[in-house]
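First the structure, in the form of structure tokens, and then the observations on it.
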Amino acid sequence: MAKVVNQKILKKTFPDAIIRSGTIIYESVKIGKRFQTGHNAVIRENNIIGDDVVVGVNTYLGPNNKIGNKVKIHTSCFIEGVVLEDNVIISPHVVFTNDTYPPCKECVKDVGGAKVSENTVIGANTTILPGIKIGSNCLIGAGSVVTKDIEDNSIVVGNPAKELRKINEINHKHK
């Protein structure tokens, strides 16, 4: 069973971290430089967290996440078994689901967590189903439900999320 590490030990172990009150960090978590949390964040075992990462108030990082450098996870997110590459922004109330079916012996299938590639922004109140791969340089609109993989440079919105256009199409119009 994983042990919860107390605040005094955290300060000795991570001297440049800002860990706010009520935050719980389990043993076996690896944290990079200049890490910050909001109040009441929970970071479960076997997380690997890069440099310059911010985890917001009341956010739950379940076991087995891999979080790159310069990632910002806003308030009240649920993330478990997910890979977040560098420079990803997760807006408030984003949920990465970890079950595709209700629990039953006939339905057990480990589809794995989602993967979000670098330089991607996920809008508030978005739900991402397990096993989804989101490409680099994407923008996921607020309130979207992502049910299938997203290609690089895509803007997607809706329930279910559908591609609106490519990022380079917007850049081309503004030149």
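Residue numbers for the sequence shown follow my numbering, so the first one is 7 and each next one is one higher.
Even glycine gets a Cβ: it sits at the ideal position worked out from N, Cα and C.
On the CB-based measure, 16 or more other CB atoms within 10 Å of its CB, does residue i come out buried or exposed?
i: N125; result: buried
i: E2; result: Outside the modelled stretch of the chain, which goes from 7 to 181, sits residue 2, for which no answer is possible.
i: S27; result: exposed
i: N53; result: buried
i: R171; result: exposed
i: N174; result: exposed
i: E157; result: exposed
i: I24; result: exposed
i: T153; result: exposed
i: T19; result: exposed
Do residue i and residue j have their CB atoms nearer than 8 Å?
i: V63; j: G38; result: no
i: G87; j: N104; result: yes
i: G164; j: S150; result: yes
i: E51; j: Y32; result: yes
i: I128; j: V100; result: yes
i: I73; j: V60; result: no
i: V41; j: I30; result: In the sequence as presented, Val is not what sits at residue 41; that position holds Phe. No, these two residues do not count as a Cβ contact at 8 Å.
i: I134; j: A120; result: yes
So, with DSSP's three-state summary, where would you put residue i?
i: I138; result: coil
i: T153; result: coil
Please tell me whether residue i has its Cβ less than 8 Å away from any Cβ of chain B.
i: V35; result: The chain inventory of the structure shown lacks chain B, comprising one protein chain alone.
Check the DSSP bridge columns for residue i and list the partner residues they point to.
i: K121; result: V89 and K139
i: K168; result: V163
i: V94; result: Note: V94 sits in no beta bridge, so no partner.
i: I173; result: For I173, which the question treats as bridged, DSSP gives no partner whatsoever.
i: V127; result: I95 and L145
i: T133; result: V101 and V151
- Item | Every unbroken beta strand (DSSP E) within the stretch 8–77, with a cutoff of 3 residues, ordered by chain | Qualifying beta strand (DSSP E) stretches, in chain order: 30–32.
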